[in-house]
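Going down the list, the protein sequences come from chains A and B. With this note's numbering, letter number 93 in the first sequence gets 93, and the count goes up by one each step, no holes. With this note's numbering, letter number 127 in the second sequence gets 332, and the count goes up by one each step, no holes. Built from N, CA and C at the ideal position, the CB exists for glycine as well. Here the structure is a predicted model, which is why all the values come from computation and not from measurement. Step one of this worksheet: look at the structure below.
Number of protein chains: 2
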Amino acid sequence: MAAKTQIRREKLREALLEIAERRIAENGYRALTARELAAEAGCAVGAIYNIFKDMDALVADVNSRTGARLEQAVAEAFVQTANAGTPKGQLVLLGRIYLSFVVANPLLWSAIFEHAGRVGEDFAARREVENARLIGHIVKPLRLLLPDAGADRVVLVARALFAAVHGIVSLGLQRRFLAESPDEVATQITFIVEAFCDGVAVRKG
Amino acid sequence: MAAKTQIRREKLREALLEIAERRIAENGYRALTARELAAEAGCAVGAIYNIFKDMDALVADVNSRTGARLEQAVAEAFVQTANAGTPKGQLVLLGRIYLSFVVANPLLWSAIFEHAGRVGEDFAARREVENARLIGHIVKPLRLLLPDAGADRVVLVARALFAAVHGIVSLGLQRRFLAESPDEVATQITFIVEAFCDGVAVRKG
DNA sequence: CACGGATTTGAACGTTGTTCAAGTATCTAT
DNA sequence: ATAGATACTTGAACAACGTTCAAATCCGTG
Chain A
1 MAAKTQIRRE KLREALLEIA ERRIAENGYR ALTARELAAE AGCAVGAIYN IFKDMDALVA
61 DVNSRTGARL EQAVAEAFVQ TANAGTPKGQ LVLLGRIYLS FVVANPLLWS AIFEHAGRVG
121 EDFAARREVE NARLIGHIVK PLRLLLPDAG ADRVVLVARA LFAAVHGIVS LGLQRRFLAE
181 SPDEVATQIT FIVEAFCDGV AVRKG
Chain B
206 MAAKTQIRRE KLREALLEIA ERRIAENGYR ALTARELAAE AGCAVGAIYN IFKDMDALVA
266 DVNSRTGARL EQAVAEAFVQ TANAGTPKGQ LVLLGRIYLS FVVANPLLWS AIFEHAGRVG
326 EDFAARREVE NARLIGHIVK PLRLLLPDAG ADRVVLVARA LFAAVHGIVS LGLQRRFLAE
386 SPDEVATQIT FIVEAFCDGV AVRKG
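This is the structure we're talking about:
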């Protein structure tokens, strides 16, 4: 085998992902071109295709990293209060953490969803796994709110709640769609999540 | 002036929008190319640019039409039950109408949001107006639910509720993101909206 | 009918992602 | 250490894209 080759490939792979991530964060994934990427990495354009099937696969890997960073941010910030607040407070906190990550990384985060339609079946499956982890954080406090519900139903509700918060963040971020400041978006998240929790509590009783 | 010219331009404009709309509905807006569009319309590629500033402007116009059709569908289906059901039932109905439109026109609807980042300031402003109409349908039943809230607050909540439903539909539609059938998505919408309404009602009392 | 300005045309331009024959580096065997 | 074989990298070339603009065409008018 070619040991030196494998090491070089690994280094280049890392460099390409690093550069692509920075460029996407600065200018969006649409502005990422193979030639510029190769030029900054100091390699030939063809070298990209030795490592990644195509540019879409590269962007999908960057998106995977972004998803992991998001999940990590949620996990870290959440353990601090996991055993403290009420389920309602925990769910609101989760939503706010999600929002703050998106505000801090708008273009990287956008890339995940804007690029979603361009990836193959395998990449989509991988992202589903990544998302399950994110949903897992919501499931825990939700179980306390829905003690009588089955596991499947809790997951379904968790997904719905995640999607709802995602929608508020998503439209809130798009300038001019629902013109709002991050503060207003945070207010909306709080309102929806709290109302949801109160509504669920009513039905329980 | 050239009367014949203006008529021809108007006819071509309509034909281009019609063709573009059908092609987007069939293959997504990314598959729409200037050359194919011109070929099917029986005109030169340059002719497109006599009528639209660029391809983005053309897609923006198609999206505008789609938005109008959506608003119309909501309005039509809603008048039938506006004076009948409870505010809660009306809001759930709104969400389901939204979902059914999206299921019927997935690619046209996706184009609105996937293309959002590519349009100029003026187009974005126009869409904000279009969206205000959609929000207006939510505001009416919401006022009954929040009789003590100011108009601004009701609009803010209406936007949040719309965004929440939008998020559920949006992620629900993306295959593999949160793998779900349209039925499951409908269940999620019902659950979120009802819980929201119940929660709001609790706080009122 | 012929003239002149407005309008339409499509070849050409600059970029894009992607490929693959040719060149270069690496490993093995003597 | 060297030669041969194998694997890898390279960047010019390709097809397709949106967009432009000199040239051709059409239209209303004197």
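### Task
Examine the Cβ distances between the segment 397 to 409 of chain B and the segment 194 to 202 of chain A and report whether three or more of them are shorter than 8 Å.
Counting C-beta pairs with one atom in each stretch, the segment 397 to 409 of chain B and the segment 194 to 202 of chain A have three or more that are closer than 8 Å, which means they touch.
### Query
Are the C-beta of Val200(A) and some C-beta of chain B separated by less than 8 Å?
Numbered from 1 along the first sequence, position 200 holds the residue referred to as residue 200(A). Contact with chain B is found for Val200(A), since one of that chain's Cβ atoms lies less than 8 Å from the residue's Cβ.
### Message
Would Cys248(B) pass as an interface residue toward chain A - the criterion being a Cβ-Cβ separation below 8 Å?
### Response
Numbered from its first residue, the second sequence carries residue 248(B) at position 43. Judged by the 8 Å Cβ criterion, Cys248(B) is not in contact with chain A.
### Query
Pick from Arg213(B), Val284(B), His320(B): whose alpha carbon is nearest that of Leu432(B)?
Absent from the structure is residue 432(B), since the part of chain B shown begins at 206 and ends at 410.
### Task
Identify, in the order they occur along the chain, each residue of the same chain with its Cβ nearer than 7 Å to the Cβ of Glu245(B), setting aside the five sequence neighbours on each side.
The residue given as residue 245(B) occupies position 40 in the second sequence. If the five residues before and after Glu245(B) are omitted, its C-beta is found closer than 7 Å to the C-beta atoms of Ile224, all from its own chain and listed in chain order.
### Message
I need the DSSP call for Asn336(B), collapsed to helix, strand or coil.
### Response
Translated into the one-based positions of the second sequence, residue 336(B) becomes position 131. For Asn336(B), the secondary structure class from DSSP, reduced to helix, strand or coil, is helix.
### Own chain partners of Ile135(A) with C-beta closer than 8 Å, once the 5 adjacent residues on each side are dropped
Locating residue 135(A) in the first sequence gives position 135, where the first residue counts as 1. So the qualifying residues of the chain are Val155, Ala158, Arg159, Phe162.
### Query
Is any beta-carbon of chain A found at less than 8 Å from that of Val264(B)?
For the purposes of this step, residue 264(B) is taken as the residue at position 59 of the second sequence. Closer than 8 Å: no.
### Query
Which first and last residues belong to the alpha helix (DSSP H) in which His115(A) is found?
Taking the first sequence and counting its residues from 1, one reaches residue 115(A) at position 115. Where His115(A) is concerned, there is no enclosing alpha helix (DSSP H), given that its DSSP letter is neither H nor E.
### Query
Under 8 Å Cβ-Cβ, which residues of chain A neighbour Phe401(B)?
Against the second sequence, residue 401(B) aligns to sequence position 196. Neighbours of Phe401(B) in chain A, taken as residues at a C-beta separation under 8 Å, are given in chain order as Ile192, Ala195, Phe196, Gly199.
### Spatial neighbours of Ala15(A) in its chain, beta-carbon cut-off 7 Å, leaving aside the 5 residues before and after
Start at 1 with the first residue of the first sequence, and residue 15(A) comes out as number 15. Excluding the 5 residues flanking it on each side, Ala15(A) has same chain C-beta neighbours closer than 7 Å at Ala41, in chain order.
### Task
Determine whether the Cβ of Ile373(B) lies closer than 8 Å to any Cβ atom of chain A.
Translated into positions along the second sequence, residue 373(B) becomes position 168. Residue-level contact check: Ile373(B) touches chain A, since one or more beta carbons of chain A fall below 8 Å from its beta carbon.
### Query
Helix, strand or coil: how does DSSP classify Gly150(A) here?
Counting from one through the first sequence, the residue named residue 150(A) turns up at place 150. In the structure shown, the three-state DSSP call for Gly150(A) is coil.
### Query
Looking only at C-alpha atoms, which of Gly46(A), Gln6(A), Asp61(A), Val92(A) sits nearest to Val74(A)?
In the first sequence, the residue the question calls residue 74(A) occupies position 74. The shortest CA-to-CA distance from Val74(A) to any of Gly46(A), Gln6(A), Asp61(A), Val92(A) is the one to Val92(A).
### Task
With 8 Å as the C-beta to C-beta threshold (strictly closer), list the residues of the segment 5 to 25 of chain A near chain B in chain order.
Those residues of the segment 5 to 25 of chain A placed with their C-beta closer than 8 Å to a C-beta in chain B do not exist.
### Task
Determine, using beta-carbon pairs with one atom in the segment 122 to 140 of chain A and one in the segment 58 to 69 of chain A, whether at least three such pairs fall under 8 Å.
The segment 122 to 140 of chain A makes contact with the segment 58 to 69 of chain A; the number of CB pairs closer than 8 Å reaches 3 or more.
### Message
Tell me which residues of the segment 341 to 374 of chain B have at least one Cβ-Cβ distance to chain A shorter than 9 Å, keeping chain order.
### Response
Hits within the stretch, in order: Leu361, Val362, Arg364, Ala365, Leu366, Phe367, Ala368, Ala369, Val370, His371, Gly372, Ile373, Val374.
### Message
Counting only Cβ-Cβ distances shorter than 9 Å, please list the residues of the segment 100 to 116 of chain A near chain B, keeping chain order.
### Response
Using a CB distance below 9 Å, the part of the segment 100 to 116 of chain A facing chain B consists of Ser110, Phe113, Glu114, Ala116, ordered along the chain.
### Query
For Leu304(B), does the count of other Cβ atoms within 10 angstroms reach 16, so buried, or fall short, so exposed?
As a first step, residue 304(B) must be located in the second sequence, where it is residue number 99. A residue is called buried once 16 or more other Cβ atoms fall within 10 Å of its Cβ, and Leu304(B) is buried on that count.
### Task
Check whether the Cβ of Arg408(B) lies closer than 8 Å to any Cβ atom in chain A.
For the purposes of this step, residue 408(B) is taken as residue 203 along the second sequence, with counting starting at 1. So yes, Arg408(B) belongs to the interface.
### Query
Is Val165(A) closer than 8 Å to Gly95(A) when the C-beta atoms are compared?
Taking the first sequence and counting its residues from 1, the one referred to as residue 95(A) is at position 95. Taking the first sequence and counting its residues from 1, the one referred to as residue 165(A) is at position 165. Yes.
### Query
If you draw a straight line from the alpha carbon of Phe358(B) to that of Leu350(B), how long is it in whole angstroms?
Position 153 of the second sequence, counted from the start, is the residue given in the question as residue 358(B). Position 145 of the second sequence, counted from the start, is the residue given in the question as residue 350(B). Strictly speaking, residue 358(B) in this sequence is Arg, with Phe absent from that position. Taking the straight line joining both Cα atoms gives about 12 Å.
### Message
Taking the alpha-carbon of Cys248(B) as reference, which of Lys216(B), Glu326(B), Gly325(B) has the nearest alpha-carbon?
### Response
For this step, residue 248(B) is matched to residue 43 along the second sequence. The option with the nearest alpha carbon to Cys248(B) is Lys216(B).
### Query
Where are the alpha helix (DSSP H) runs, 4 residues long or more, that stay fully inside the segment 224 to 299 of chain B, in chain order?
Correct list: 239 to 246, 250 to 256, 260 to 284.
### Message
Taking the alpha carbon of Pro87(A) as the reference point, which residue from Phe123(A), Thr190(A), Asp183(A), Pro141(A) has its own alpha carbon closest?
### Response
Here residue 87(A) is taken as the residue at index 87 of the first sequence, counted from 1. The shortest Cα separation from Pro87(A) among Phe123(A), Thr190(A), Asp183(A), Pro141(A) belongs to Pro141(A).
### Query
What residues of chain A sit near Glu389(B), judged by a beta carbon separation below 8 Å?
Residue numbering aside, residue 389(B) sits at position 184 when the second sequence is read from its first letter. For Glu389(B), the chain A residues whose Cβ falls inside 8 Å of its Cβ are Leu156, in order along the chain.
### Message
Quick check: what's the CA-CA separation for Glu326(B) versus Ala151(A)?
### Response
Position 121 of the second sequence, counted from the start, is the residue given in the question as residue 326(B). Position 151 of the first sequence, counted from the start, is the residue given in the question as residue 151(A). For Glu326(B) and Ala151(A), the distance between alpha carbons rounds to 46 Å.
### Message
Just to confirm my understanding: we take Val45(A), look at its own chain, exclude 5 residues before and 5 after, and list those with CB closer than 7 Å. What are they?
### Response
In the first sequence, residue 45(A) corresponds to position 45, counting from 1. Only Ala34, Arg35, Ala38 meet the Cβ criterion.
### Query
At a Cβ cut of 7 Å, what residues of the segment 283 to 300 of chain B count as close to chain A, listed as they run along the chain?
Listed by position, the residues of the segment 283 to 300 of chain B near chain A (Cβ gap below 7 Å) amount to none.
### Message
Using only CA atoms, which one of Val284(B), Gly372(B), Ile302(B), Val344(B) lies nearest to Phe318(B)?
### Response
Here residue 318(B) refers to the residue found at position 113 when the second sequence is read from its first residue. Cα-wise, what sits closest to Phe318(B) is Gly372(B).
### For Ala104(A) and Val169(A), the rounded distance between their alpha carbons
Residue 169(A) sits at position 169 when you count from the first residue of the first sequence. Residue 104(A) sits at position 104 when you count from the first residue of the first sequence. Straight-line Cα distance between these residues: approximately 12 Å.
#### Entry: Cut-off 6 Å between Cβ atoms - residues of its own chain near Val193(A), not counting five sequence neighbours on either side
Sequence index remark: in the first sequence, residue 193(A) carries index 193 (1-based). Beyond the five residues adjoining it in sequence on each side, Val193(A) comes within less than 6 Å, by CB distance, of Leu91, Val92, Gly95 in the same chain, given in chain order.
### Message
Alpha carbons only, please: which of Gln379(B), Leu222(B), Ile302(B) is nearest the one belonging to Gln277(B)?
### Response
Taking the first residue of the second sequence as position 1, residue 277(B) is located at position 72. Of the candidates Gln379(B), Leu222(B), Ile302(B), the one whose C-alpha sits nearest the C-alpha of Gln277(B) is Ile302(B).
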